[in-house]
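Comments concern the structure below.
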Amino acid sequence: MAKKCKTVFVCQECGYESSKWQGRCSCGAWNSFVEEKPIDFIDDVRSRNTDNITRVKSVKLKEIKTDDRQDRIDTKIGEFNRVLGGGVVRGSLTLISGEPGIGKSTIIMQSSNNIAKQGLKVLYVSGEESANQLKMRASRICSEISDNLMVMAETNIENIFDVIKEIKADFLIVDSIQTLYSSGLDSAPGSVSQVRHCGNELMRIGKAYNIPIFIVAHVTKSGELAGPKIVEHLVDCVLYFSGERNHELRILRAYKNRFGTTSEIGAFEMDESGLVEIENLSQAFISDRDCDTEGAILTGVYEGSRPMLLEVQALTASNKAGFARRTAIGVDVSRLNMLLAVLERKMDITLSYEDVYVNIVGGIKPEGTYIDLALIFAIYSSYRNKKIDSKTIAIGEVGLTGEVRNVPNTDKIIKEASRMGVKNIVLPNISVKKLKDNIKGVNLIGVSDLRQAIDILFN
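Each residue of the sequence shown is one higher than the last, beginning at 1344 in the numbering used here.
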């Protein structure tokens, strides 16, 4: 018989446990410790009736098949499958988060109905909406609701567990984990111990019954996942929905994926019937660019397994107060400051009294250093009031010494640019030497350093 657990104090910010109350946690948070009475997870599992649970057995590693396509479930949403790595893996635990109203529940309802149409029993558990509210959403975004899609307005994890066994569910959705609670704990739903325990229980259910589980999670004001970090460590996949609520574009990105790459993104457009896939992502970002202008230039990036074109915009404004501001949307501010320092040093211009604003059109934040050269071109163009050809793009990394360096997958980006009607491409010399014999239909302009690049483009 297990010993009675002692009361512990848990930090609500990071989940750290202590035997005594502390004013400040090691994570830096003040007055974040709350008193909680944990339960013995091992005895709790043993006390349950687990006769119907599939027993896990060890297998020989060399006998495991490497092709896991047969173990994935098709959501019938291509962009969603892309981010997941080819579909939903059976027995996996996926956490999807995002700001309120961004489309989390919408895409889960659409994929749930698509999976149910394939003959699988899907259980949609909501702790925030009633069954009538779920029906209203499903009627709006689904043309035909499957008979295998079951809904349930419940927050007790034990009751959910009983229903899963009763209907023999093949897929489970929980919206959201902050609303779940276990009767074995005295704390309120959403507390550190409740979220952690319910996350462990969902993981155990998914692995034992070999069913995939989707968990919806809230985010804090800073955009991070609410609740203890241990939940992110437990799950197999962490997805994040981003985008402006007053714009139609939505970007789904994987920040953790044990069954696929974390560099993939999925693009959607929100309309009256729900989320619609965007196949031509480059066209969505540059569709409004049809004339030459100052402070704007196209660039190319490679996200996951596909290239896409973006528009980089910059604006410089005189600030006589002496406190120049640096504002960036979609660009890391520290990277922007570094590029501004290189631009000042190599081109003998002064930006100390200039406010600099930069923006990546579409609200996307590209990874890597693909846009360095384009960002400097846009800033210089705005500062000098010189227009840039709308059919020209710039690709390349800029170093501290002003050299322009190669970036990966340049050939794929150039092919995408050619397909979109781009005529001139400014890129490092080393890239031109590698690609000049294989690329046709576009003018490749090779540059070695920043001064040469600016002289070629603006003179």
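Cβ atoms here follow ideal geometry from the backbone N, Cα and C, with glycine treated the same way.
{"Item": "Backbone CA spacing between L1436 and D1414 [nearest angstrom]", "Value": "14 Å"}
{"Item": "CA-to-CA distance, Q1365 to A1289, given in whole angstroms", "Value": "Here the chain has residues from 1344 to 1802 only, and residue 1289 is not among them."}
{"Item": "First through last residue of the alpha helix (DSSP H) which encompasses D1505", "Value": "I1500 to I1510"}
{"Item": "CA nearest to the CA of G1805, picked from A1560, N1475 and L1592", "Value": "Look at the range of the chain in this structure, 1344 to 1802, and you will see that residue 1805 is not part of it."}
{"Item": "Cβ contact (3+ pairs, closer than 8 Å) linking the segment 1760-1773 and the segment 1735-1744", "Value": "yes"}
{"Item": "Status (buried if at least 16 other CB within 10 Å, exposed otherwise) for S1526", "Value": "exposed"}
{"Item": "L1694 versus E1687: straight-line alpha-carbon distance, rounded", "Value": "7 Å"}
{"Item": "CA-to-CA distance, I1503 to D1386, given in whole angstroms", "Value": "For D1386, the pLDDT reaches just 45, beneath the cut-off of 50, and the residue's location in the model is therefore unreliable, although a value from the coordinates is still provided. In a straight line, the C-alpha of D1386 is about 20 Å away from that of I1503."}
{"Item": "G1789 beta carbon less than 7 Å from that of V1775", "Value": "yes"}
{"Item": "K1511 classed as buried or exposed, judged by whether at least 16 other C-beta atoms fall within 10 angstroms", "Value": "exposed"}
{"Item": "Beta-carbon proximity of K1460 to S1489, cut-off 7 Å", "Value": "yes"}
{"Item": "Which of helix, strand or coil DSSP assigns to D1754", "Value": "helix"}
{"Item": "As assigned by DSSP and simplified to three states, the class of R1539", "Value": "helix"}
{"Item": "V1747 versus G1429: straight-line alpha-carbon distance, rounded", "Value": "36 Å"}
{"Item": "Alpha-carbon spacing of D1721 relative to A1667, whole angstroms", "Value": "First, the amino acid is wrong: residue 1721 is Ala here, not Asp. Distance between the alpha carbons of A1721 and A1667: 18 Å."}
{"Item": "Extent of the continuous beta strand (DSSP E) run through V1465", "Value": "V1465 to S1469"}
{"Item": "C-beta contact flag for V1426 and I1416 at 7 Å", "Value": "no"}
{"Item": "Cβ-based neighbour list, E1575, same chain, cut-off 8 Å, excluding 5 preceding and 5 following", "Value": "L1438, L1568, V1581 and K1599"}
{"Item": "Within the segment 1620-1697, ranges of the beta strand (DSSP E) (whole runs, at least 3 residues)", "Value": "1639-1646, 1649-1661 and 1669-1672"}
{"Item": "K1729 in three-state terms, based on DSSP", "Value": "coil"}
{"Item": "Identified DSSP bridge partners for P1771", "Value": "V1790"}
{"Item": "Local conformation of R1483 per DSSP, three classes", "Value": "helix"}
{"Item": "Reference S1585, options A1684, S1362, K1447 and N1749, closest by Cα", "Value": "K1447"}
{"Item": "Start-to-end residues for the alpha helix (DSSP H) that takes in I1573", "Value": "I1573 to L1577"}
{"Item": "Opposing strand residues paired with C1580 [DSSP bridges]", "Value": "T1437 and N1600"}
{"Item": "Inter-residue spacing [alpha-carbon to alpha-carbon] between L1653 and A1760", "Value": "10 Å"}
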